[in-house]
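Engineer: Going by my numbering, 189 is the number at position 145 of the sequence shown; the sequence numbering is gapless. Just so it is clear, CB atoms sit at the ideal spot from N, CA and C, and this is done for glycine as well.
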Amino acid sequence: MQEYKHYPVMLNEAVDALNCSDGKLYIDATLGGGSYSELILKRISPSGQLISFDVDIDAINASREKLKDYKNLTIVNDSYTNIKKYLEKNNIKEINGGIVFDLGASTHQLTSDTRGFSFLKDSELDMRFNQSSKKSAIDVINGYPEDELVRIFSEYGEERFSKRIAKKIIETRKKAKIKTTKELVNIVFEATPRIKSKIHPATRIFQAVRIEVNDELNNIKNTLNDVLTLLSNGAILSVVTFHSLEDRIVKNIFKYYSKEWTGDALENEREKFRAMPEETEFHQPILQLITKKPIVASAQEVRVNPPSRSAKLRAAVRINKE
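#1: So N263 packs on T74, CB below 8 Å; how close in whole Å?
#2: Using CA atoms only, rank isn't needed, just tell me which of P350, Y188, A359 is closest to K242.
#3: Answer yes or no: do S79 and P52 have a C-beta to C-beta separation smaller than 7 Å?
#4: Using CA coordinates, which residue listed in Y130, L94, R362, N63 is at the minimum distance from G278?
#5: Please go through the same chain and pick out, in chain order, the residues whose beta-carbon is closer than 6 Å to the beta-carbon of R353, but skip the five residues on each side of it.
#6: Hey, is the segment 180–199 in contact with the segment 216–223, meaning 3+ C-beta pairs nearer than 8 Å?
#7: Can you tell me the Cβ-Cβ gap for H244 and F163, rounded? I've got them flagged as a contact below 8 Å.
#8: Measure the alpha-carbon distance for N364 versus S198 and round it to whole angstroms.
#9: Cα-Cα, which of E304, V284, K137 is closest to T273?
#10: Compare the C-alpha of A106 against each of I119, R208, E192, E227 and name the closest.
#11: So D146 and V284 are supposed to be a Cβ contact under 8 Å. How far apart are they, rounded?
#12: Using the C-alpha atoms, what's the distance from R172 back to L94?
#13: What residue range does the beta strand (DSSP E) around T118 cover?
#14: Return the Cβ separation of I209 and A235 in integer angstroms, given the expectation that the two are a contact with Cβ distance under 8 Å.
#15: Are the beta-carbon atoms of N134 and L69 separated by less than 7 Å?
#16: Just the Cα atoms here: how many angstroms apart are Y301 and D291?
#17: Name the residue from R204, Y188, I231 whose alpha carbon lies nearest to the alpha carbon of E256.
#18: For a minimum of 4 consecutive residues, which ranges assigned as the alpha helix (DSSP H) are wholly contained in the segment 182–248?
#19: Between V271 and I249, is the Cβ-Cβ spacing less than 7 Å?
#20: N116 to G92, Cα distance in whole Å?
#21: Cutting at 8 Å between CB atoms, please list the residues of its own chain near E323, excluding the five before and the five after it.
#22: Would you kindly check if the distance between the Cβ of G76 and the Cβ of A58 is under 7 Å?
As structure tokens, this is what we get:
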């Protein structure tokens, strides 16, 4: 099996934002290589508790070995979308410490020879975080109608040549099923004009397909709304995002819950960010922003780990819980 590699982005900044205290409960929503979890555990031992989630069994296996000496850790092989369900099942009423999210794909996933996330490696189109999921990139590329391909390329990849690429995919798959990352890359090259850019022409398409396969944006929005109901007063939410679509969701949810909304303004905002039950009316904020503007990776970190250049960290603390 390929060695599990992951380079945590803004590790100290993301965990510092949690203001960890011994004796409290914390959640690492995206275990990955275990670096966030390890730093949290060092700061909350001996009596603090950490529950770490990941849907990727490769991450689970690697981190379980890395963190085997910590007795106050529970590792859960499940999606962060099921955090609330897991806590309820285990009769855990509140998160009194905090929760950290490191969103997006891991270094291991992006560089894997077999997972299909990378346009630089030729492998079967897959892109599933959870390899037991039914829908993969092959299903999206070969099964979606042209207008749906255009939509996801435009919305999730912000790709200016979405129509050209979608049309070329349809033409190609009529002759033979598109099965590999190399085939998809070649289609993108054929469908788009040569433009001088530092970004590989297939970058946005691969991002869009990955987001669609894993329903990433809906999962982020729904889960952030879920965990807000679980945070006790003083508990902290720390979120690292890797592209503008993710960051916009976090920014808007933080904005919504950190302001006082009343009357028509409340209803208008509820339509955009609705996360709590409709009958709930918030006339006071339930979050206080820790980061008024997002924190970005240092120049030194970007030199060592170039993908960190697009990362943004936002954090907020739960307030006014009755």
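Structural biologist: Reading it off the structure:
#1: In the sequence shown, counting from the first residue as 1, residue 263 sits at position 219. In the sequence shown, counting from the first residue as 1, residue 74 sits at position 30. Contact flag wrong, Cβ pair sits at about 11 Å.
#2: The sequence position of residue 242 within the sequence shown is 198, counting from 1. Taking only the C-alpha atoms, the option nearest K242 is P350.
#3: Stepping through the sequence shown from its first residue, residue 79 is reached at position 35. Stepping through the sequence shown from its first residue, residue 52 is reached at position 8. In contact: S79 and P52 (Cβ atoms closer than 7 Å).
#4: Translated into positions along the sequence shown, residue 278 becomes position 234. Answer by Cα proximity: R362.
#5: As a working mapping, residue 353 is identified with position 309 in the sequence shown. Closer than 6 Å at the Cβ level, and outside the excluded window around R353, lie V346.
#6: Taking a cut-off of 8 Å for Cβ pairs, the segment 180–199 and the segment 216–223 touch, as three or more such pairs fall below it.
#7: Here residue 244 is taken as the residue at index 200 of the sequence shown, counted from 1. Here residue 163 is taken as the residue at index 119 of the sequence shown, counted from 1. With a Cβ gap of about 6 Å, H244 and F163 count as contacting.
#8: Mapped onto the sequence shown, residue 364 falls at position 320. Mapped onto the sequence shown, residue 198 falls at position 154. So the alpha carbons of these two residues sit roughly 39 Å apart.
#9: The count along the sequence shown starts at 1 and reaches residue 273 at position 229. Comparing Cα-Cα distances from T273 to each of E304, V284, K137, the minimum goes to K137.
#10: Translated into the one-based positions of the sequence shown, residue 106 becomes position 62. For A106, the closest alpha carbon among the candidates I119, R208, E192, E227 is that of I119.
#11: For the purposes of this step, residue 146 is taken as residue 102 along the sequence shown, with counting starting at 1. For the purposes of this step, residue 284 is taken as residue 240 along the sequence shown, with counting starting at 1. Indeed, because the Cβ distance is near 5 Å, the residues count as touching under 8 Å.
#12: The residue you call residue 94 lines up with position 50 of the sequence shown. The residue you call residue 172 lines up with position 128 of the sequence shown. Their Cα atoms are separated by approximately 26 Å.
#13: Taking the sequence shown and counting its residues from 1, the one referred to as residue 118 is at position 74. Element bounds for T118: 117–120.
#14: Against the sequence shown, residue 209 aligns to sequence position 165. Against the sequence shown, residue 235 aligns to sequence position 191. Indeed, because the Cβ distance is near 5 Å, the residues count as touching under 8 Å.
#15: By one-based count along the sequence shown, residue 134 stands at place 90. By one-based count along the sequence shown, residue 69 stands at place 25. No, they are not a contact pair.
#16: Position 257 of the sequence shown, counted from the first residue, corresponds to residue 301. Position 247 of the sequence shown, counted from the first residue, corresponds to residue 291. Computed Cα separation, rounded: 16 Å.
#17: As a first step, residue 256 must be located in the sequence shown, where it is residue number 212. Comparing Cα positions, the closest option is Y188.
#18: 190–201, 206–219, 225–235
#19: Position 227 of the sequence shown holds residue 271. Position 205 of the sequence shown holds residue 249. One thing to note: V271 has its Cβ no nearer than 7 Å to the Cβ of I249.
#20: Locating residue 116 in the sequence shown gives position 72, counting from the first residue. Locating residue 92 in the sequence shown gives position 48, counting from the first residue. Roughly 7 Å separates the two Cα atoms.
#21: The sequence position of residue 323 within the sequence shown is 279, counting from 1. Legend: pLDDT at E323 = 47, less than 50; position of this residue unreliable, value from coordinates given subsequently. Within the same chain, E323 has no close Cβ partners at all.
#22: One-based indexing of the sequence shown puts residue 58 at position 14. One-based indexing of the sequence shown puts residue 76 at position 32. No.
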